[in-house]
Amino acid sequence: MIAAMRYLVLVLAVSLLVPVAAQDFGMDPLLMPPAESAEVPKTSEAGSEPEAAAGGALQASAEDDRAEYLDDARWKVLRDVIEDRAPAWMIEDGALGVAYWQWISVLLFIFGAVVIDYSVQIVLRVAINRLLKEQGAHARRDELRKTLRPFGLTAGALFCLVTLNFLQFDGVVYAIAHGSLAIFTVLTGSVSAWRFIDLVGDVFARYAQNTSTRFDDVLIPLIRKTLKLFVLVLGFVYASTSLGLNPWPIAASLGLGGVAFAFAAKDTVENFFGSLAVLVDRPFDVGDWVVIDGQEGTIESVGFRSTRVRTFYNSQITIPNANLVRAAVDNYGRRRYRRWKTTMGLQYDTPPDKLLAFAEGARELVRQHPFTRKDYYQVWVNEFNASSIDVLLYMFFDVPDWSTELRERERLLVDLVRLADQVGVSFAFPTTTVHLKQDEGDPVYKQHERPKRITDRLAMLQGARAARSIISDQPWRETLPDPVDYGKNDLGLELDAAGNPIEPVETQVSDDPETASEDGVEVGEAGEDTEPRRETL
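Its first residue numbered 1, the sequence shown is counted upward by one per residue in UniProt numbering.
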């Protein structure tokens, strides 16, 4: 009963709006045609053309549709059957000049529209729930009902619009009823198409989230908005046609005003073409970390007018698409590798051999790490700092996102701490050395023996001799080393893609570094040779 009242109220409301709209366009649908033209002209057996109907454009359009159906023998047979078999009181005219049998038929048709409305909603609800269940998803009952309600209304309105010709209304009654139902059908159909686009758009949006490319994350919202705009234009055209109007002259009459409108909508047009440029050029995708004109954040959505960026403070920035065409976009999401540069400070009392051991160990960690770039990295003893000897670590992570980068950086840092512990080096921290000066009168003061002063030249010669003694036993003194090859480690071993030696080489390693020699022969305290231990790298 409530649904039937809803249909009746909607039809009556639109029926009141149709005459007002007709008068605004210079028509008077409530004006009855002359007596000689009130009846629908009949076509002769020779097929002569009917006389033109009088009245406004709305009534003329409705009468043309009515005449087409009146010419159909099926409607004549039905009306003849009702008039022959119905009681006499049902044939008499009631309110608005409509026979009682027609009023009874109106109630029956409204009841039929309600049945069709609920039937369509139930069928669609069952089908959609079954489809969502197969995909492992579900929808809220109230949201699904809100989405499917316009589909049922459209089906019921179409049923009433088709069966209206059976009632055989005359004159203005048919014009108002036909126009009201046509406009109501257009409105409900447009809302149904709008909801259907949202429903399908949500399905494709969830599908796009599971794909490897992000291009469809930008394309699907734009297609959804384009289809909605098309639905609005199509609904306007059908509504104008239902009122007996030609929408194209109306659009042409806006030509002069369209010039002023074009100037007012200049920014809107620029933003629209900016969105097309973003779609074609694809400087970023949804989810990318970007910096646009100093604004940093993650791309949240791309629309016709603007692009929304979610900052790291969880605020939202709206950037017009026209500005994106001229702006410099720094897309961190398109990085092939993620650079990491740090300095590890070791204590000044660290022996040189342990400095080299730690640096080579750090290079080996980079080579063996599964998420690092293997063809380029820099790990060297690099600088004397105020309180430490610095080892430079310059490398790249091959990871898809920031979370993975942080996780792998943590693993590498922990491995470096373990390496320092095994090699026997300690990380330095800022320290200060304080020297206390004592006076000569202090009993604790002791006269220190001053070192013998030498000439500058002799000091330079001593430094040169010390340097030559250091490098005299280095292998690169006679043969210059080759440039850095990232396919080999500093021991000269060929490495595969995983950083492992291609050909195992046996080396002799001593448990005591102080007794080890380069040729692998260990010398004990008594000067006797000991059996070397062999390890395979």
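Cβ atoms here follow ideal geometry from the backbone N, Cα and C, with glycine treated the same way.
query = Of all the options 282, 358, 148, which has the alpha carbon lying nearest to the alpha carbon of residue 121?
reply = Here the closest residue by C-alpha is 148.
task = Evaluate the contact criterion for the segment 192-203 versus the segment 143-160: three or more CB pairs, one atom per stretch, below 8 Å.
result = With a cut-off of 8 Å, the segment 143-160 and the segment 192-203 count as touching, because enough Cβ pairs lie within range.
message = To the nearest angstrom, how far is the alpha carbon of residue 461 from that of residue 473?
response = Each residue's CA atom was taken as its position, placing residue 461 and residue 473 some 19 Å apart.
inquiry  = Please return the same chain residues whose Cβ sits closer than 7 Å to the Cβ of residue 270, not counting the five positions on each side in sequence.
reply    = Residues 322 of the same chain have their beta carbon placed closer than 7 Å to that of residue 270, with the five preceding and five following residues left out of the count.
ask   = Can you name the residues that DSSP bridges to residue 329?
value = In DSSP, residue 329 forms a bridge with 292.
Contacts around residue 201, its chain only, beta-carbon distance under 7 Å, and the 5 residues preceding and following it disregarded = 220, 224, listed in sequence order.
Residues near residue 371 by beta carbon distance below 6 Å, same chain, minus five either side = 397, 398, 399, 408.
query = Nearest to residue 296 by CA position, among 332, 186, 114, 326, is which residue?
reply = In this structure, 332 is the residue among 332, 186, 114, 326 with its C-alpha nearest to the C-alpha of residue 296.
query = Would the beta-carbon of residue 302 fall within 8 Å of that of residue 280?
reply = Contact check for residue 302 against residue 280 fails: the beta carbons are separated by 8 Å or more.
key: Same chain, Cβ closer than 6 Å to residue 341, five either side skipped, listed in chain order   = Here the set comprises 394.
query = So, is the C-beta of residue 288 closer than 8 Å to a C-beta in chain D?
reply = Any reference to chain D falls outside this structure, which holds one protein chain only.
inquiry  = In this structure, how does DSSP classify residue 429 when only helix, strand and coil are distinguished?
reply    = The three-state secondary structure of residue 429, taken from DSSP, is coil.
key: Endpoints, the beta strand (DSSP E) within which residue 128 is located   = Annotation: residue 128 is outside any beta strand (DSSP E); the continuous alpha helix (DSSP H) that includes it extends over 100-134.
task = Assign residue 326 to buried or exposed, taking buried as 16 or more other Cβ atoms, counted over all protein chains shown, within 10 Å of its Cβ.
result = Result: exposed.
key: Host beta strand (DSSP E) of residue 341 (start-end)   = It spans 338-346 - the beta strand (DSSP E) in which residue 341 sits, taken as one unbroken run.
ask   = residue 350: buried (16+ other C-beta within 10 angstroms of its C-beta) or exposed?
value = By the 10 Å Cβ count, residue 350 comes out buried.
Rounded separation between residue 208 and residue 334 - CA only = Those two C-alpha atoms are separated by around 19 Å.
request  = Specify, as a first and last residue, the run of the beta strand (DSSP E) that residue 320 falls within.
outcome  = Start and end: 316-320.
ask   = Which of helix, strand or coil does DSSP assign to residue 372?
value = When DSSP states are grouped into helix, strand and coil, residue 372 belongs to the strand group.
task = In angstroms with no decimal places, state the Cα-to-Cα distance between residue 134 and residue 128.
result = For residue 134 and residue 128, the distance between alpha carbons rounds to 10 Å.
key: residue 460 - DSSP class collapsed to helix/strand/coil   = Looking at residue 460 - three-state DSSP - the assignment turns out to be helix.
request  = Assuming residue 185 contacts residue 161 (C-beta within less than 8 Å), just tell me the rounded distance between them.
outcome  = At roughly 6 Å, the Cβ-Cβ gap stays under 8 Å, so residue 185 and residue 161 are in contact.
message = What would DSSP say about residue 409, mapped onto helix, strand or coil?
response = In the structure shown, residue 409 sits in a helix (DSSP, three-state: H, G or I).
inquiry  = As a quick exercise: from 426, 365, 382, pick the residue whose alpha carbon is nearest that of residue 413.
reply    = Nearest neighbour of residue 413 by Cα position, chosen from 426, 365, 382, turns out to be 365.
ask   = DSSP state of residue 229, grouped into three classes?
value = If DSSP states are grouped into helix, strand and coil, residue 229 belongs with the helices.
ask   = Per DSSP, what kind of secondary structure is residue 470 in: helix, strand or coil?
value = Of the three classes helix, strand and coil, the one that applies to residue 470 here is helix, per DSSP.
ask   = Relative to the C-alpha of residue 290, which residue among 380, 144, 311 is closest?
value = Looking at the Cα atoms, 311 is the closest of the given residues.
inquiry  = Which of the three DSSP states is assigned to residue 379 in this structure?
reply    = If DSSP states are grouped into helix, strand and coil, residue 379 belongs with the strands.
ask   = Quick one, which of 466, 286, 109, 416 has its alpha-carbon nearest residue 156's?
value = When only C-alpha atoms are compared, the closest one is 109.
request  = Inspect the beta-carbon positions of residue 384 and residue 425 and report whether they are closer than 8 Å.
outcome  = It is not a contact, given that the beta carbons lie outside the stated cut-off.
query = By a C-beta neighbour count over all protein chains shown, 10 Å radius and 16 as the cutoff for buried, is residue 353 buried or exposed?
reply = By the Cβ-count criterion, residue 353 is exposed, with fewer than 16 other Cβ atoms from all chains shown falling within 10 Å of its own Cβ.
message = My output table needs one value for residue 200: the three-state DSSP class, helix, strand or coil.
response = Looking at residue 200 - three-state DSSP - the assignment turns out to be helix.
Cβ-based burial, residue 422 [other Cβ within 10 Å; buried from 16] = Classification for residue 422: exposed.
query = Is the Cβ-Cβ distance between residue 356 and residue 346 less than 8 Å?
reply = No, they are not a contact pair.
key: Residue from 177, 176, 378 whose Cα sits closest to the Cα of residue 344   = Ranked by how close their Cα comes to the Cα of residue 344, the residues 177, 176, 378 have 378 in first place.
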